[in-house]
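Residue numbers (our numbering), protein chains in the order written: chain A, 1 to 315; chain B, 316 to 630.
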């Protein structure tokens, strides 16, 4: 449709989005009233995330559909990281009124495709004018009677393991930042992170003591486990998934390939701590949890302080 | 504190916000992990709203604290409008990194004061850079076993009644738009809308058949009841709350005082339909619901089509 958001208008745009929306079994009332109504069997898990143009994405590096996929994936990963099941989404989009309706259509295509991958349904949102594109996503999940997995429960002796991708998105971003479009596998990994949906519940079944998703960087996020748990996490560099395309980008950019894996965020892998011998099959062990023994909580690499790049903060 | 958000950094800012946060009895896990965890007794009600600088507010017309109050009030009103109890809030703030930490402190003061008025607790959020200030609020509420009040249930013969303020915010905005700061009562009404907290549950107790909060304009929002209910709503102009300060602004701006009441939004009054004789004491009757009898759903004023200004849409 060759029209702008301003020309079509708020209510027509919302109608366009909400028609034919899928509804999960927990949805008592979907979009269209003042609020959505959901049935919750015991506890609810909820998180909110914002992605801003120019800060979290550039419209020349990510398609509208990519932006929709990423916004949903990043938010859903937070629910997985509690060991819960993501179920529903609310999305608030701000966009300049000159934005094409076709842009919104493709963005929502990405949102809904990612919702389908995660078995979530969209139940609400907001749509309004703004000076740049900003996407605020709220994701709801349910524990279905299982305890949540916090960041604070890591125990000395636990194995540290991950499931998903590590470092690919950061390497893809490095490629795009230098004006290249390949290796495609890395660029795709940045544009469409693949959250290992279901891995949160799987971690819970295997008795995970702490769990987080890698959004700011592996070391930065493991630090969010080490600090509240009061432990040291020692990573084994030999187990880090350094792949050929990451090596190529490291070589081209003069960086250490391990840097991308240790400091790269936005892949939204899940990383957690498991009692020794309890690591699920699809997870890869990359280190172990140690007692402080007089030291401060920290992340080590092969027993030494890691002096590489730190993770990402948003200010 | 004489520092900017960029200087203090994301994690220190979040620590600053979440320390000493109140927790409602339903909060199992508050901010600090990947997501918050809440206990829900039966159904959950959820809604999300965005307020953008330059579109929904101007920093020279609203203090940081006003902006916090308004963002929370507007979102909580959506839960009231379902006949439910607002319980929890998540807030995502985007702001330029040059923003002063003192601005954030005062904004959060407003957010938390309004949460207290509504008996809500803050359970999560996000904080990140952006080209302008943007506030995305998600509010959660609980039905506590009562049915929700939708927009679609209005019945011919029902009385239409409101509780809260009508037209004051719009008149206050007209005052500010012309560079004035008084009448103060109107300017204050615009800066700090007073949601009639508890009125949603009260409406439910009295058998309300339809309910909405006035955010886009009285006529525009009543139309959101008339259309899905398939009814005509006829307002009685003699019952509209035209007050002396609104008369004064109408006179000064060459508008009809009733215009502010009929087309003004953002007061977040609750307006709904009640079986005849069931209107709660604190509510004011302003009209009645009629059967279509061959007509299209519409809002009338004294039996005639109202040709004044329409409500507000965001594109």
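Here a beta-carbon is modelled for each residue, glycine too, at the ideal position from N, C-alpha and C.
- Three or more beta-carbon pairs separated by less than 8 Å link the segment 384-403 of chain B to the segment 354-366 of chain B, which places the two stretches in contact.
- For the pair residue 524 (chain B) and residue 470 (chain B), the Cα-to-Cα distance works out to about 7 Å.
- The beta-carbon of residue 62 (chain A) is placed no less than 8 Å from the nearest beta-carbon of chain B.
- Following the DSSP letters along the chain, one finds residue 86 (chain A) inside the beta strand (DSSP E) bounded by residues 85-95.
- Residue 48 (chain A): not part of any alpha helix (DSSP H); member of the beta strand (DSSP E) spanning 43-52, first to last residue.
- Along the segment 428-450 of chain B, the positions whose C-beta sits under 8 Å from a C-beta of chain A are 438, 439, 440, 441, 442, 443, 444, 445, 446, 447 and 449, read in chain order.
- Using a Cβ-Cβ cut-off of 9 Å, residue 396 (chain B) is close to 33, 34 and 35 of chain A, given in chain order.
- Residue contact with chain A for residue 537 (chain B): absent (no Cβ-Cβ distance below 8 Å to any residue of chain A).
- In this structure, residue 452 (chain B) and residue 406 (chain B) form a Cβ contact; the two beta carbons are roughly 5 Å apart against a cut-off of 8 Å.
- The criterion of a C-beta distance shorter than 8 Å is satisfied by residue 458 (chain B) and residue 399 (chain B).
- Here residue 108 (chain A) is buried, its C-beta having at least 16 other C-beta atoms within 10 Å.
- The beta strand (DSSP E) runs of length 3 or more contained entirely in the segment 538-582 of chain B are, from start to end of the chain, 547-550.
- Excluding sequence positions up to five before and after residue 482 (chain B), its CB lies within less than 6 Å of the CB of 561, 575, 576 and 579, all in the same chain and listed in chain order.
- When CB distances to chain A are screened at a threshold of 7 Å, the residues of the segment 461-477 of chain B falling below it are 463, 465 and 466, in chain order.
- Residue 278 (chain A) is not bridged by DSSP to any residue.
- Straight through space, the alpha carbons of residue 217 (chain A) and residue 11 (chain A) are spaced by roughly 40 Å.
- A Cβ-Cβ separation of about 5 Å places residue 129 (chain A) in contact with residue 370 (chain B) under the 8 Å criterion.
- For residue 16 (chain A), the enclosing alpha helix (DSSP H) begins and ends at 10-18.
- From the listed residues B:480, B:521, B:386 and B:567, the smallest Cα separation to residue 489 (chain B) is found for B:567.
- By the neighbour-count criterion, in which a residue is buried when 16 or more other Cβ atoms sit within 10 angstroms of its Cβ, residue 294 (chain A) is exposed.
- Secondary structure at residue 620 (chain B): strand, using DSSP grouped into helix, strand and coil.
- Close partners of residue 370 (chain B) in chain A (Cβ separation under 9 Å): 94, 128, 129, 130 and 131.
- By the Cβ neighbour-count rule, residue 449 (chain B) is buried, with 16 or more other Cβ atoms within 10 Å of its own.
- The residue from B:564, B:428, B:539 and B:515 with its alpha-carbon nearest to that of residue 386 (chain B) is B:428.
- Of all residues in the segment 350-366 of chain B, only 350, 351, 352, 353, 354, 355, 356, 357, 358, 359, 360, 361, 362, 363, 364, 365 and 366 come within less than 9 Å of chain A when Cβ atoms are compared, listed by chain position.
- Beta-bridge annotation (DSSP): residue 270 (chain A) is paired with A:163 and A:213.
- Between residue 163 (chain A) and residue 283 (chain A), the CB-CB gap stays under 8 Å.
- Judged by their CB atoms, residue 484 (chain B) and residue 581 (chain B) are nearer to each other than the 8 Å cut-off.
- With a beta-carbon spacing of about 10 Å, residue 454 (chain B) and residue 437 (chain B) fall beyond the 8 Å limit used to define contacts.
- Sequence-distant partners of residue 595 (chain B) (beyond 5 residues in either direction) whose C-beta falls short of 6 Å from its own C-beta, in its chain, are 517 and 521.
- Our two residues, residue 158 (chain A) and residue 342 (chain B), have alpha carbons roughly 29 Å apart in a direct line.
- The criterion of a C-beta distance shorter than 8 Å is not satisfied by residue 212 (chain A) and residue 297 (chain A).
- At least one CB of chain A lies nearer than 8 Å to the CB of residue 343 (chain B).
- Judged by beta-carbon spacing, residue 88 (chain A) lies beyond the 8 Å limit of residue 13 (chain A), meaning their Cβ atoms are not closer than that value.
- Per the C-alpha coordinates, the member of B:510, B:435 and B:603 positioned closest to residue 554 (chain B) is B:603.
- A Cβ of chain A is located within less than 8 Å of the beta carbon of residue 455 (chain B).
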